[in-house]
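S.K.:
Protein chains: 2
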Amino acid sequence: MKKLIIFAVTIFAVNFTYRQAKDTDSRYIPLADSIVSIAMNKMEGYKILGELSKAGPRLSGSENLQKAEKFISEYMKGCGFDTVYMQEVKAPWWERGDQEICILKSDGKTDKNLSIAALGGSIAADLTADVIELSSFDDLEQKKDQVAGKIVFFNVPFNQKNLYTFASYGEPVGYRVSGPSRAAKYGAVAVLIRSVTSLYDNVPHTGTLRYADSVKQIPGAALGVQDAIYLSEKLKAGKPLQITLKMNCVNRGEATVHNIIGEIRGKSKPDEIIVVGGHFDSWDKGDGSHDDGGGCVQSVEVLKLIKQVIGRPERTIRCVLFANEENGLKGAIEYAGLAEKNNEYHYAAIESDRGVFAPLGFNIDADSATIARINEWLPVLRRSRIEWVEKGGSGADISRIKGARALIGYVPDSQRYFDVHHSDNDVYSAVNAREMELGSASMAILTMLLSEVGLD
Amino acid sequence: MKKLIIFAVTIFAVNFTYRQAKDTDSRYIPLADSIVSIAMNKMEGYKILGELSKAGPRLSGSENLQKAEKFISEYMKGCGFDTVYMQEVKAPWWERGDQEICILKSDGKTDKNLSIAALGGSIAADLTADVIELSSFDDLEQKKDQVAGKIVFFNVPFNQKNLYTFASYGEPVGYRVSGPSRAAKYGAVAVLIRSVTSLYDNVPHTGTLRYADSVKQIPGAALGVQDAIYLSEKLKAGKPLQITLKMNCVNRGEATVHNIIGEIRGKSKPDEIIVVGGHFDSWDKGDGSHDDGGGCVQSVEVLKLIKQVIGRPERTIRCVLFANEENGLKGAIEYAGLAEKNNEYHYAAIESDRGVFAPLGFNIDADSATIARINEWLPVLRRSRIEWVEKGGSGADISRIKGARALIGYVPDSQRYFDVHHSDNDVYSAVNAREMELGSASMAILTMLLSEVGLD
Chain A
1 MKKLIIFAVT IFAVNFTYRQ AKDTDSRYIP LADSIVSIAM NKMEGYKILG
51 ELSKAGPRLS GSENLQKAEK FISEYMKGCG FDTVYMQEVK APWWERGDQE
101 ICILKSDGKT DKNLSIAALG GSIAADLTAD VIELSSFDDL EQKKDQVAGK
151 IVFFNVPFNQ KNLYTFASYG EPVGYRVSGP SRAAKYGAVA VLIRSVTSLY
201 DNVPHTGTLR YADSVKQIPG AALGVQDAIY LSEKLKAGKP LQITLKMNCV
251 NRGEATVHNI IGEIRGKSKP DEIIVVGGHF DSWDKGDGSH DDGGGCVQSV
301 EVLKLIKQVI GRPERTIRCV LFANEENGLK GAIEYAGLAE KNNEYHYAAI
351 ESDRGVFAPL GFNIDADSAT IARINEWLPV LRRSRIEWVE KGGSGADISR
401 IKGARALIGY VPDSQRYFDV HHSDNDVYSA VNAREMELGS ASMAILTMLL
451 SEVGLD
Chain B
457 MKKLIIFAVT IFAVNFTYRQ AKDTDSRYIP LADSIVSIAM NKMEGYKILG
507 ELSKAGPRLS GSENLQKAEK FISEYMKGCG FDTVYMQEVK APWWERGDQE
557 ICILKSDGKT DKNLSIAALG GSIAADLTAD VIELSSFDDL EQKKDQVAGK
607 IVFFNVPFNQ KNLYTFASYG EPVGYRVSGP SRAAKYGAVA VLIRSVTSLY
657 DNVPHTGTLR YADSVKQIPG AALGVQDAIY LSEKLKAGKP LQITLKMNCV
707 NRGEATVHNI IGEIRGKSKP DEIIVVGGHF DSWDKGDGSH DDGGGCVQSV
757 EVLKLIKQVI GRPERTIRCV LFANEENGLK GAIEYAGLAE KNNEYHYAAI
807 ESDRGVFAPL GFNIDADSAT IARINEWLPV LRRSRIEWVE KGGSGADISR
857 IKGARALIGY VPDSQRYFDV HHSDNDVYSA VNAREMELGS ASMAILTMLL
907 SEVGLD
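If you read the protein sequences in the order shown, they are chains A and B.
Just so we're aligned: the first sequence equals residues 1 to 456 in this note's numbering.
Just so we're aligned: the second sequence equals residues 457 to 912 in this note's numbering.
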């Protein structure tokens, strides 16, 4: 009898959940379709990204960033949100300078001018030295007696076989971040890395380096892949080679930058905040359209789409354009700190910072019941081409927020991301309007469900 | 008791199928990973497509096509297949000519030179006439008394809201194919269509038109989207407008072109043929890298990958580069006819003709048991990023093959396909190496399973 009761209760519960899910589908699929239709036919986000990109790249401390902050905050004020405001953030201020010279020399004569970009945060360089190629940190440890006085060249290729390219980013990026201090420990005078990219062009890809506290700072730069291959072949031929490296980049101390925030207040649960965001700064190459101007504009578009299709939502929806993700994460730290101080409750947060390519899925950092709940919404999410919802990491900026029930990373197709990442290839013309707008729609649909249906 | 036996048999059958599926997974997942690894690290297909694209676009009858046929057949001969041969095909031969002029005039003065491309198969034009804009064939029927002596302008936009862009192609393409004869019936002197594309640039997109037998032939051309919008706005302003249309395109009769075929003979079932193919001709714009040079090179790569990873397969695997898909389908008709005449048995066929973008799924034209069977292979297919296997149409060329157990269409992401389709935008630089190679790997993995595991 007891078993029968458990059975009956289970059947009832399953049936109830099933009916509840069906109700959600029939109510929210038409609204999802409206969101897709508006996003795809108007393409407002894509057009605004075009305007934003005209300011150029947006590194913390740059004049471009100031122009871009002004542009986007004025645009947001015109969108009819309940409030638009800024949070002041103190961020590292590094400038590339106008000199980036890397001359390969053989017998004292110029062999080739190599294409480089200083790594973000690097000190300046004015030196000539022999070069030693290394394939890994293990290789460095084995040859530690050979690197003193030399330029260390970490030649670690991008492994193309991973379907998800972020899996290929993890290994080589370690040489960009830690390579200079690891090599300096054994007396190296500078570090060159092979650019971390999925392309075989010669455009160098920058990104942050981190100096260890106890080690002498030495300059670091990324080589274009074609020149990295060229240099490796020359070195293998065995002739002694020197490189002259001149860079006048400089660390200028601290700059004042801003988190830019727009908000629609919730109707019945205004104190339950759903954040959608990206980071507004970019590296100083290209115009930062994919990383992460596009993610910011998508986040603004989510609020616009919700306003058009839902009107006033049940919960508060807030877009946050975080400052200084690239070389400090100071915007995320400031935002989370203020939220804690003000006792704000974040119900959920969604981040878009993997390029504005076609949607694939959402990564959810939450307990398994919450992930299962969001999975129930797949029939609605599929209306904008979301294929799956899975457990996974969310994003660097929102991961600082405490107490949220779900931290969510928007996952677009990653095939082309590291073609453009941190380089002159990351420009507006590399953004496809349909792909970007499908992303805005996907994020808006999930935001709608989080706000209107909720996680219980 | 009878019920119990049925139950036991069902459990056994389910369990057996489950174990069989697990065996397939454990055996073929490592082989699938090898295929992906070779395709992604070597990128041979992508490189060969670069060489092929240098011949330029490959319309039936063109010198470019002859050069390209020579290049690809010699390449295939170097791949070590068991046999490489050609089938002669008689195909329509149309040439664009060197004159495509479309001048919008107001009060007899030039207002703007409009960007056009003659539709494939169009007769030449040398005329000046008033313009009438129509939004549909219904609109034509309602205004049939107003079109005599005029140029009919079908202004039908691409509906951006469909996730799968081929769904948006269906409607406007009807005006390209049938518009000229439908309008000629009521005395129109020429037809202009708004280009069928998902972009908002001004590049005209060509494609075939079909003249009805009983109606006078009139010229047809596609306008760039920006100029279509411009013309529409001018017409709405109400001023009388004329267009001067000059095109010296010409139908030259019949050309001799070729199906190009390469084959690896099966070990145990040589008479069961699995075809992988695309079409080798293209429109005479861009260089036809997506439509469908890429699909052809992927098909050749499937054989190369199978050879490297499996050695000799159980069944015969044949790549077919079909002639003349764009303006006649004569290659497909010839291939299927010869196969029938020679009593060849096609076990299955896979076609790649939707651009060489990142994989999404496979459309299967087969009975439901066969579709269910292929669905069991999803754990293996996912190794190259295939998300789903669904019932659906296969492809224009293989659909002529009779008696195959499964006709399969490779379905990549369609977001960017109609940006490039039939236009100067369809060039090698619009192909992404990773996306293309993931497609080759997906097709190779499915071919391996069809050959080695089979559909029973």
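A virtual CB, placed ideally from N, CA and C, is assigned to each residue, including glycine.
Fully enclosed by the region 25–49 of chain A, which beta strand (DSSP E) runs are 3 residues long or longer?
M.R.: DSSP runs (the beta strand (DSSP E)) wholly in the region 25–49 of chain A: none.
S.K.: Could you please give the first and the last residue of the uninterrupted beta strand (DSSP E) stretch that includes Q682/B?
M.R.: Careful: Q682/B lies outside any beta strand (DSSP E), inside the alpha helix (DSSP H) at 681–692.
S.K.: Beta carbon of D481/B, beta carbon of P835/B: below 7 Å?
M.R.: Yes, Cβ-Cβ distance for D481/B and P835/B is below 7 Å.
S.K.: Contact between the region 656–667 of chain B and the region 612–626 of chain B is defined here as three or more beta-carbon pairs at a separation below 8 Å; is this criterion met?
M.R.: No contact exists between the region 656–667 of chain B and the region 612–626 of chain B.
S.K.: Give the DSSP bridge partners of H258/A, in chain order.
M.R.: The partner list for H258/A (beta bridge, DSSP) reads E88/A.
S.K.: When you compare each of S578/B, A604/B, F609/B, A580/B to F593/B by their alpha carbons, which one comes out closest?
M.R.: Looking at the Cα atoms, F609/B is the closest of the given residues.
S.K.: Residues in its own chain within less than 6 Å of L65/A by CB, not counting five upstream and five downstream?
M.R.: These residues qualify, in order along the chain: R58.
S.K.: Using only the alpha-carbon positions, how far apart do D743/B and N881/B sit?
M.R.: Computed Cα separation, rounded: 9 Å.
S.K.: D107/A: buried (16+ other C-beta within 10 angstroms of its C-beta) or exposed?
M.R.: So D107/A counts as exposed.
S.K.: Assuming G676/B and V706/B make a contact with CB atoms under 8 Å, what is their CB distance in whole Å?
M.R.: The pair is not a contact, with the Cβ atoms about 14 Å apart (cut-off 8 Å).
S.K.: With DSSP as the reference, label Q415/A as helix, strand or coil.
M.R.: Note: Q415/A maps to coil in three-state DSSP.
S.K.: Output needed for K702/B: all residues of its chain with C-beta closer than 7 Å, excluding positions within five of it in sequence on either side, in chain order.
M.R.: Closer than 7 Å at the Cβ level, and outside the excluded window around K702/B, lie Q555, I557, A581, D582.
S.K.: Using a Cβ-Cβ cut-off of 6 Å (strictly less than) and excluding sequence neighbours within five positions of R829/B, which residues of its own chain qualify?
M.R.: Correct list, in chain order: L911.
S.K.: Using DSSP with H/G/I as helix, E/B as strand and the rest coil, what is V431/A?
M.R.: If DSSP states are grouped into helix, strand and coil, V431/A belongs with coil.
S.K.: How would you call A573/B, buried or exposed, if buried means at least 16 neighbouring beta carbons within 10 angstroms?
M.R.: Buried, since its Cβ has 16 or more Cβ neighbours within 10 Å.
S.K.: Starting from the C-beta of I48/A, find all residues in its chain whose C-beta is less than 7 Å away, skip the five residues before and the five after it, and write them out in chain order.
M.R.: If we look at I48/A and ignore the five residues flanking it on each side, its Cβ neighbours are Y75, V297.
S.K.: Under 7 Å between beta-carbons, which chain B residues line up against K161/A? List them in chain order, please.
M.R.: Under the 7 Å cutoff, chain B gives V492, S493, M496, N497.
S.K.: Note down, in chain order, every chain A residue with its Cβ under 9 Å from the Cβ of R810/B.
M.R.: Those within 9 Å of R810/B in chain A number zero; the least Cβ separation is about 14 Å.
S.K.: Using the beta-carbon of each residue, which ones in chain A are nearer than 7 Å to E843/B?
M.R.: The contacting residues are E387.
S.K.: Return the Cβ separation of I260/A and L321/A in integer angstroms, given the expectation that the two are a contact with Cβ distance under 8 Å.
M.R.: Indeed they touch by this definition, with Cβ atoms about 4 Å apart.
S.K.: In the DSSP assignment, find the unbroken beta strand (DSSP E) run with I364/A in it and report its ends.
M.R.: Element bounds for I364/A: 359–365.
S.K.: Going by DSSP, name the residue or residues bridged to W93/A.
M.R.: For W93/A, which the question treats as bridged, DSSP gives the partners G253/A.
S.K.: With H, G and I counted as helix, E and B as strand and the rest as coil, what does DSSP make of N343/A?
M.R.: It is coil, neither helix nor strand.
S.K.: Go ahead and pull the three-state DSSP assignment for D150/A.
M.R.: The sequence as given places Lys at residue 150/A; Asp does not occur at that position. Of the three classes helix, strand and coil, the one that applies to K150/A here is coil, per DSSP.
S.K.: Going by C-alpha distance, which of G553/B, Y884/B, T653/B, A897/B is nearest Q764/B?
M.R.: Nearest option by C-alpha distance: A897/B.
S.K.: Measure from the C-beta of D869/B to each C-beta in chain A and report whether the shortest distance is under 7 Å.
M.R.: Answer yes: the Cβ-Cβ gap between D869/B and chain A drops below 7 Å somewhere.
S.K.: Looking at M899/B: is its Cβ nearer than 7 Å to the Cβ of I806/B?
M.R.: Yes.
S.K.: Does the structure place the region 717–724 of chain B close enough to the region 535–544 of chain B that three or more beta carbon pairs sit under 8 Å?
M.R.: With the cut-off at 8 Å, the region 535–544 of chain B and the region 717–724 of chain B touch.
S.K.: Beta carbon of N615/B, beta carbon of A684/B: below 7 Å?
M.R.: Against a cut-off of 7 Å, the Cβ pair of A684/B and N615/B comes out as no contact.
S.K.: Over the uninterrupted beta strand (DSSP E) stretch that includes C102/A, give me the two end residues.
M.R.: Where C102/A is concerned, the enclosing beta strand (DSSP E) stretches over 100–106.
S.K.: Pull out every residue of the region 167–195 of chain A whose Cβ sits closer than 8 Å to any Cβ of chain B, in chain order.
M.R.: Correct list: empty, as no residue qualifies.
S.K.: If contacts are defined as beta-carbon pairs under 8 Å, then A822/B and A788/B qualify, I think. What distance do you get, rounded to the angstrom?
M.R.: Contact flag wrong, Cβ pair sits at about 19 Å.
S.K.: So is A358/A in contact with chain B if we call contact Cβ pairs under 7 Å?
M.R.: Chain B contact via Cβ: present.
S.K.: Apart from the five residues just before and just after R890/B, which ones in its own chain have a Cβ nearer than 8 Å to its Cβ?
M.R.: Cβ within range, chain order: M496, A814.
S.K.: For S824/B, count neighbouring Cβ atoms within 10 angstroms of its own Cβ and tell me buried if that reaches 16, exposed if not.
M.R.: S824/B comes out exposed.
S.K.: According to DSSP, is V647/B helix, strand or coil?
M.R.: Looking at V647/B - three-state DSSP - the assignment turns out to be strand.
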